[in-house]
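Peer 1: Handing you a structure now.
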Amino acid sequence: GAPSCATLAEAVRTTSIAIAGGGSDRAITAQAGAGSVVAWAGQDGKIHITPLDAEDQRAGDDILVDGSQVFGAVASASDVALLVSRPPDFMTFVRVDMKGAELAKTDLVGGGNHMEVGVEWFGEFAQTGRLAAQKDGTYAAYHALHRRWPDMVGHQGDTLRLLDASGGALGGGWGWGCSHSMDQRLASGPNGLVPICISDCYPGKGIYFNHQSAEITTDPAANCAGGYSTELGGLTAVDAGFFLVYKDAQGGAHLGAFDTSGKSLSDRALSVEGSSRLARYGGGMLLGSQGGGGTSLQELDAAGQDVGAPATIAAPLPDQDFEGRSDGEVAWAAVSGANLTVVRVRVCQK
Numbered sequence: 105g106a107p108s109c110a111t112l113a114e115a116v117r118t119t120s121i122a123i124a125g126g127g128s129d130r131a132i133t134a135q136a137g138a139g140s141v142v143a144w145a146g147q148d149g150k151i152h153i154t155p156l157d158a159e160d161q162r163a164g165d166d167i168l169v170d171g172s173q174v175f176g177a178v179a180s181a182s183d184v185a186l187l188v189s190r191p192p193d194f195m196t197f198v199r200v201d202m203k204g205a206e207l208a209k210t211d212l213v214g215g216g217n218h219m220e221v222g223v224e225w226f227g228e229f230a231q232t233g234r235l236a237a238q239k240d241g242t243y244a245a246y247h248a249l250h251r252r253w254p255d256m257v258g259h260q261g262d263t264l265r266l267l268d269a270s271g272g273a274l275g276g277g278w279g280w281g282c283s284h285s286m287d288q289r290l291a292s293g294p295n296g297l298v299p300i301c302i303s304d305c306y307p308g309k310g311i312y313f314n315h316q317s318a319e320i321t322t323d324p325a326a327n328c329a330g331g332y333s334t335e336l337g338g339l340t341a342v343d344a345g346f347f348l349v350y351k352d353a354q355g356g357a358h359l360g361a362f363d364t365s366g367k368s369l370s371d372r373a374l375s376v377e378g379s380s381r382l383a384r385y386g387g388g389m390l391l392g393s394q395g396g397g398g399t400s401l402q403e404l405d406a407a408g409q410d411v412g413a414p415a416t417i418a419a420p421l422p423d424q425d426f427e428g429r430s431d432g433e434v435a436w437a438a439v440s441g442a443n444l445t446v447v448r449v450r451v452c453q454k
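Residue numbers (the working numbering): 105 to 454.
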């Protein structure tokens, strides 16, 4: 049950789990029934899926999936879906059961002759992406890609692919979105998908919602050659639209609230980094930033205003995102050598 805690720090539970050895510090948590899984890239050239029980203790041996890096993970009590890169140039959607049997696999890009017009691949320029599950049991993969265009130049952009549980294409989304797409975020919420990108050129220079539906902030000095000044932090979908943490071109950090069309509803200047993480927490949200003494956590209400005092913990921020869970808790994980750190911020009894 929910702990009785007088401070936010008392709501935090940190668990260390021995692993074979990570190839990077990235680890992605996903709620899976009463427990969870953590996906991370090993030094063995495999993506490891570590199963955990409700107390974040190891609940079995790692499930191994081919892959170089993991960009997204979503799970249920019976399966795990991943977005992974694979050599030499693939971005792949794969779904396995809890024993590791493959249920679906789709190479979204990769495997072609890079000099052939129309061929797409992953791995040059920005190596970024996200995966989200939708409430109807389908999936969305949003990631960077390269494509050979008729001018015989390999241009970089992003793609949003909508997939069924078998990895089949559902249509919708887009084949070519922001370009160059320097980073992406993706959330699934009450009103559907919320895709966010940083673009240095097309459809403009700045941060964009849903390809070109709305400009979040402009970046006039972006140079159409990979130079840009903005930064993305956490993204959370809510009933009225979404909240986004970001850095503007002048270096200011913001917590912005936007409606379902991307129109600004409110803007709060932040004193923490524009890369700070964000997730649904209890009836509001949790903001996480890198502080001088560790990771700083701040509870927010549903309007994005502070609730109570911040807490500082020793555990690092995740390489990617906080995970907001169905019970209102927040989880994340990080890898350091042969140690997997799992952090759970529980909802306190009031």
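Every residue, glycine too, gets a C-beta built ideally from N, C-alpha and C.
These figures come from a predicted structure and were not determined experimentally.
Could you check the C-alpha separation between Pro254 and Ala273 for me, to the nearest Å?
Peer 2: In the sequence shown, the residue the question calls residue 254 occupies position 150. In the sequence shown, the residue the question calls residue 273 occupies position 169. Approximately 25 Å between the Cα atoms of the pair.
Peer 1: In terms of alpha-carbon separation, which member of Leu297, Glu319, Gln173 and Asp240 lies closest to Pro307?
Peer 2: Here residue 307 refers to the residue found at position 203 when the sequence shown is read from its first residue. The shortest Cα separation from Pro307 among Leu297, Glu319, Gln173 and Asp240 belongs to Glu319.
Peer 1: Tell me where the beta strand (DSSP E) around Asp255 begins and ends.
Peer 2: Residue 255 sits at position 151 when you count from the first residue of the sequence shown. Careful: Asp255 lies outside any beta strand (DSSP E) and carries neither H nor E.
Peer 1: DSSP three-state label for Ala113, please.
Peer 2: If you number the sequence shown from 1, residue 113 lands on position 9. The answer is helix: DSSP assigns Ala113 an H, G or I state.
Peer 1: So, helix, strand or coil for Glu427, using DSSP?
Peer 2: In the sequence shown, the residue the question calls residue 427 occupies position 323. Reduced to three states, the DSSP call for Glu427 is strand.
Peer 1: Which partner residues of Trp278 appear in the DSSP bridge assignment?
Peer 2: Residue numbering aside, residue 278 sits at position 174 when the sequence shown is read from its first letter. DSSP output for Trp278 lists Leu264 as bridge partner(s).
Peer 1: Check this for me: beta carbons of Ala438 and Ala124, under 8 Å apart or not?
Peer 2: Start at 1 with the first residue of the sequence shown, and residue 438 comes out as number 334. Start at 1 with the first residue of the sequence shown, and residue 124 comes out as number 20. Contact flag unset, no.
Peer 1: Helix, strand or coil: which one does DSSP assign to Ala179?
Peer 2: Translated into the one-based positions of the sequence shown, residue 179 becomes position 75. It is a strand residue.
Peer 1: Do Ala237 and Val174 have their C-beta atoms within less than 8 Å of each other?
Peer 2: As a working note, residue 237 is residue 133 in the sequence shown. As a working note, residue 174 is residue 70 in the sequence shown. No, Cβ-Cβ distance for Ala237 and Val174 is not below 8 Å.
Peer 1: Can you say whether Pro155 is buried or exposed, counting buried as having 16 or more other CB atoms within 10 angstroms of its CB?
Peer 2: The sequence position of residue 155 within the sequence shown is 51, counting from 1. Result: buried.
Peer 1: With which residues is His152 paired in a DSSP beta bridge?
Peer 2: Looking up residue 152 in the sequence shown gives position 48. Answer by DSSP bridge pairing, in chain order: Trp144 and Leu168.
Peer 1: According to DSSP, simplified to helix, strand and coil, what is Ser375?
Peer 2: As a working mapping, residue 375 is identified with position 271 in the sequence shown. Note: Ser375 maps to coil in three-state DSSP.
Peer 1: State buried or exposed for Glu114, treating a residue as buried only when at least 16 other CB atoms are found within 10 Å of its CB.
Peer 2: Your numbering for residue 114 matches position 10 in the sequence shown. Exposed, because fewer than 16 other Cβ atoms sit within 10 Å of the Cβ of Glu114.
Peer 1: As a quick exercise: from Ala361, Pro414, Lys239 and Ala329, pick the residue whose alpha carbon is nearest that of Lys309.
Peer 2: Stepping through the sequence shown from its first residue, residue 309 is reached at position 205. For Lys309, the nearest C-alpha among the options comes from Ala329.
Peer 1: Does the stretch 207-216 touch the stretch 181-195, meaning 3 or more C-beta pairs lie closer than 8 Å?
Peer 2: Yes, the stretch 181-195 touches the stretch 207-216.
Peer 1: Alpha carbon to alpha carbon, how far is Gly296 from Thr242? Give it in angstroms, no decimals.
Peer 2: As a first step, residue 242 must be located in the sequence shown, where it is residue number 138. As a first step, residue 296 must be located in the sequence shown, where it is residue number 192. Near 11 Å, if we compare the C-alpha coordinates of Gly296 and Thr242.
Peer 1: With respect to the beta strand (DSSP E) encompassing Pro299, which residues constitute its N-terminal and C-terminal limits?
Peer 2: The count along the sequence shown starts at 1 and reaches residue 299 at position 195. That run of the beta strand (DSSP E) goes Gly296 to Tyr306.
Peer 1: Do Gly345 and Leu374 have their CB atoms nearer than 8 Å?
Peer 2: For the purposes of this step, residue 345 is taken as the residue at position 241 of the sequence shown. For the purposes of this step, residue 374 is taken as the residue at position 270 of the sequence shown. Result no, Cβ atoms of Gly345 and Leu374 do not sit closer than 8 Å.
Peer 1: Where Val223 and His247 are concerned, what is the direct C-alpha to C-alpha distance, given to the nearest angstrom?
Peer 2: Residue 223 sits at position 119 when you count from the first residue of the sequence shown. Residue 247 sits at position 143 when you count from the first residue of the sequence shown. If I take the Cα positions, the gap works out to 16 Å.
Peer 1: So, with DSSP's three-state summary, where would you put Glu403?
Peer 2: As a first step, residue 403 is located in the sequence shown; it is residue number 299 there, counting from the start. If DSSP states are grouped into helix, strand and coil, Glu403 belongs with the strands.
Peer 1: Just to confirm, are Ala134 and Val188 a CB contact at a threshold of 8 Å?
Peer 2: Within the sequence shown, residue 134 is the residue found at index 30, counting from 1. Within the sequence shown, residue 188 is the residue found at index 84, counting from 1. Not in contact: Ala134 and Val188 (Cβ atoms no closer than 8 Å).
Peer 1: So, for Gly126: in the same chain, excluding its five sequence neighbours on each side, which residues have a beta-carbon less than 6 Å away from its beta-carbon?
Peer 2: Start at 1 with the first residue of the sequence shown, and residue 126 comes out as number 22. Excluding sequence neighbours, Gly126 sits near Trp144 and Val439.
Peer 1: What would DSSP say about Gln453, mapped onto helix, strand or coil?
Peer 2: Reading the sequence shown from its first residue, position 349 is the one you call residue 453. It is a strand residue.
Peer 1: With hydrogens ignored, establish whether the beta-carbon of Ile151 is closer than 7 Å to any heavy atom of the ligand MN.
Peer 2: This structure simply doesn't include the ligand MN, nor any ligand for that matter.
Peer 1: If distances are taken between C-alpha atoms only, which option among Leu339, Ser182, Arg448 and Gly281 comes closest to Arg265?
Peer 2: Looking up residue 265 in the sequence shown gives position 161. If we check each option's Cα against that of Arg265, Gly281 comes out closest.
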